[in-house]
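Protein chains in written order, with UniProt numbering: chain A, 1 to 159; chain B, 1 to 662.
Backbone N, C-alpha and C define an ideal beta-carbon position, used for all residues, glycine too.
Take a look at the structure below.
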């Protein structure tokens, strides 16, 4: 945390002549519907000179320029995806805090679900294998046949 | 001279870590008790030596000894005394020294309190712990020495980064480090078990209290950091999915899985192999966190490549410890004996489900954190992975887990009855549904997710309460006997219920503060009033003020509710002169669990100022819930069975006595 703030601030400082602040009142659009769309878009766009801050949160001058740009496009009648396409064409995919779903991000998006599925498969596999192997491997040393073992298990489970 | 003494103590400590890395484990493997017996005194000597060097560095900070590079870079004679003290770990070198101090502190603790462990296990554990310590002390001595001197000492220092001059940041790193490093002991235990090729009852009982201790501090550390970011960074966010935050969150997730799987291992001797793997993974993620934060790789892969000394050193440590322990695991884990069987629907089954989702969530966060770095390094393509991504991938994994939380503790061991468990939870379920309907009725269909989220939180909280109620059997045996049973419940039962309740509280805070926040952004002149929720916020004017090492513009605000003044706030914008750096100090009024949050923006001339005014409903519950979780961990640690010696496991006794009876 300390390190990130340090570096974020050094970068900020370099770009910072007049201390500004995230979203100034004069940026806000008069049409509340458009403004709401602008805010929603802003939280998904990265302030590229900051560390992991959206342009909605950042007080860097670049973030302000981007906020104004997003609003200009919206006023000009762009749809949300057109605004995003426009920004990506200008600044690259780096500007998106939510990466696009594509080949190069496939593993990124799939990691969580894949881990879950792999986990489920592993559990099912292990449960099956142990269910089969249990009688021979673990119980055999005590000298009980699997049938005796079953009986014993029933007795044990009763209490 | 004193400074060199501190430096020398650290070098001596390094030599002792080398001794401890070899001698006790040699004794354990050859059965030589004299060699094993060296572990504990050497661990304590290490602790004393590192403590001496830490005290020397602290002394240099308190005396503003600018002949030390580290002090000159990070301190200032006018800095308040408290921040001279906390500045010791407010920088790379000092924080690494703190890290090592905590490592050897835990070694010394194991030496002191490990009397009831088998001698060879204790000796091996302390040797493994020393491998880790040796690596980090060498890292400090080779690349990050805080005792380096300047030939011609300057008269004044550069001051500490102003955003670190805050009481929150004073407490945050030590808490976090105790958490991170606490997992090192569990790691050393796991590796020792692999080396010795056995996990006996004593081993199983030792893992859980240490995990709980580390987890407790990590929880508090993360919560503290989150609250600090909330009030200090000035835009009212409390979690950013920043890689550095993720670095502390991943060990937390894995550690949470670990402390649950350790229950199964302790009670039923099952999941041993898995618990060993989790113990290794948890500390590996702590090490990964240290690498991410300390190497500078996050700022830029290329900056890392141009000044690689520190980063490469930690990367090598990381590869040795993670790779080595995983290789050892692959080789030795099949030798560990597996324990009790259980049906899928059972307490064990519930804990496996918990582990499944927590592990998947850890994987999602891990990949999300590393993916942009790896992609950049491999293809040069730059992408960002931020909050919207994590909300989409992490959130859906948490929802089923939270839905399952109340079921776990009411299922019985070995073979549970889902229907019977559900019956015990009828009240909680009914309450949650009522709350969902009520919120829908109150807010309409405009926010669909929020009422469901609140319902989920209530379900988890009410489930925790009904777990205690059903355990005590209040309704069957009457209140009086019920209360005496309540007092007699084991600490671990209370710990579970309290910690789960805390999870519900945090979820409630997250949902309400996110969904029902009010925000106003206005340019205000003296006398202007803005209304958020039920509160009228009036700007009375701003004035400049001087602090010890900064100047500030302070805005004065009066907050009224229904015309009655309830609070006066003075948010400010500071400017730290030594570092030429601005910061914001938010003004916060807490009412119940909710907060009114004020933050100053740009000045517009003729006394007008940009002001951001928020009403954040129930937001303090986010951190209160974390504190409740930590209290749960403490209750669980206080459990009697963790203090008495390890008895023979019930299953084994029963099996041996049952066989002759046949």
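Asked, Found
"Does the CB of residue 243 (chain B) have a neighbour CB from chain A at under 8 Å?", "yes"
"Report the CB separation of residue 46 (chain B) from residue 107 (chain B) in whole angstroms; it is logged as a contact under 8 Å.", "6 Å"
"In terms of DSSP beta bridges, what is residue 54 (chain A) paired with?", "A:46"
"Please state the DSSP three-state secondary structure of residue 157 (chain A).", "helix"
"Looking only at its chain, what residues have a beta carbon closer than 6 Å to the beta carbon of residue 218 (chain B), apart from the 5 residues adjacent to it on each side?", "179, 252"
"For chain B, find out if any of its Cβ atoms is closer than 8 Å to the Cβ of residue 32 (chain A); answer yes or no.", "no"
"Am I right that residue 383 (chain B) and residue 400 (chain B) are in contact with their C-beta atoms under 8 Å? What's the rounded C-beta distance?", "Residue 383 (chain B) to residue 400 (chain B), Cβ: 28 Å. No contact."
"Between which residues of its own chain and residue 6 (chain B) is the CB-CB distance below 7 Å, once the five residues before and five after are set aside?", "52, 53, 56, 57, 147"
"Sort B:12, B:135, B:249, B:114 by Cα distance to residue 202 (chain B) and report the nearest one.", "B:114"
"Relative to the C-alpha of residue 236 (chain B), which residue among B:623, B:538, B:613 is closest?", "B:613"
"For residue 248 (chain B), which option in B:285, B:143, B:348, B:589 has the closest C-alpha, if you only look at C-alpha atoms?", "B:285"
"Let me check understanding here. Comparing Cα to Cα, which of B:450, B:633, B:103 lies closest to residue 182 (chain B)?", "B:103"
"Using a C-beta cutoff of 8 Å, does residue 63 (chain A) count as contacting chain B?", "no"
"Measuring straight from C-alpha to C-alpha, what distance separates residue 461 (chain B) and residue 212 (chain B)?", "21 Å"
"Output, in chain order, the set of chain A residues within a Cβ distance shorter than 7 Å of residue 371 (chain B).", "108"
"Should residue 355 (chain B) be counted as a contact of the ligand SAM given a C-beta to heavy atom distance under 7 Å?", "Absence of the ligand SAM is noted for the structure shown, with no ligands found whatsoever."
"Please report the straight-line C-alpha distance between residue 137 (chain A) and residue 348 (chain B), rounded to a whole angstrom.", "Legend: pLDDT at residue 137 (chain A) = 44, less than 50; position of this residue unreliable, no value from coordinates given."
"Suppose you measure from the CA of residue 346 (chain B) to the CA of residue 504 (chain B); what does that come to, to the nearest Å?", "23 Å"
"For residue 101 (chain A) and residue 109 (chain A), what's the separation of their Cα atoms in angstroms?", "7 Å"
"List, in chain order, every chain A residue whose beta-carbon is nearer than 8 Å to that of residue 237 (chain B).", "57"
"When the Cα of residue 245 (chain B) is compared with those of B:221, B:632, B:258, B:516, which residue comes out closest?", "B:221"
"By the 10 Å Cβ neighbour count, where 16 or more other Cβ atoms means buried, how is residue 103 (chain A) classified, buried or exposed?", "exposed"
"Check whether chain A comes within 8 Å of residue 382 (chain B), counting only Cβ atoms and requiring the distance to be less than that.", "yes"
"Return the chain-ordered list of same chain residues with a C-beta closer than 6 Å to the C-beta of residue 223 (chain B), the five sequence neighbours on each side being excluded.", "623, 626"
"Is the beta carbon of residue 243 (chain B) sitting closer than 8 Å to the one on residue 52 (chain A)?", "yes"
"Exposed or buried, which one is residue 156 (chain A) when buried takes at least 16 other CB atoms within 10 Å?", "exposed"
"When the distance is taken between beta carbons, is residue 471 (chain B) closer than 8 Å to residue 487 (chain B)?", "no"
"Is it true that the stretch 379 to 396 of chain B meets the stretch 426 to 442 of chain B, where meeting means three or more beta-carbon pairs spaced less than 8 Å apart?", "no"
"Among B:18, B:39, B:11, B:31, which has the Cα closest to the Cα of residue 24 (chain B)?", "B:39"
"Can you tell me where the alpha helix (DSSP H) with residue 167 (chain B) in it begins and where it stops?", "167 to 196"
"In the stretch 34 to 56 of chain A, which residues sit with their C-beta less than 8 Å from some C-beta in chain B, listed in chain order?", "43, 44, 46, 51, 52, 53, 54"
"Could you have a look at residue 519 (chain B) and say whether DSSP puts it in helix, strand or coil?", "strand"
"Going by the CB atoms, is the gap between residue 95 (chain A) and residue 37 (chain A) shorter than 8 Å?", "no"
"Determine the direct distance from the alpha carbon of residue 426 (chain B) to that of residue 473 (chain B), and round the result to whole angstroms.", "15 Å"
"Going by the beta-carbon positions, is the gap between residue 162 (chain B) and residue 574 (chain B) smaller than 8 Å?", "yes"
"For residue 274 (chain B), which residues of its own chain have a beta-carbon under 8 Å away from its beta-carbon, when the five flanking residues on both sides are left out?", "261, 355"
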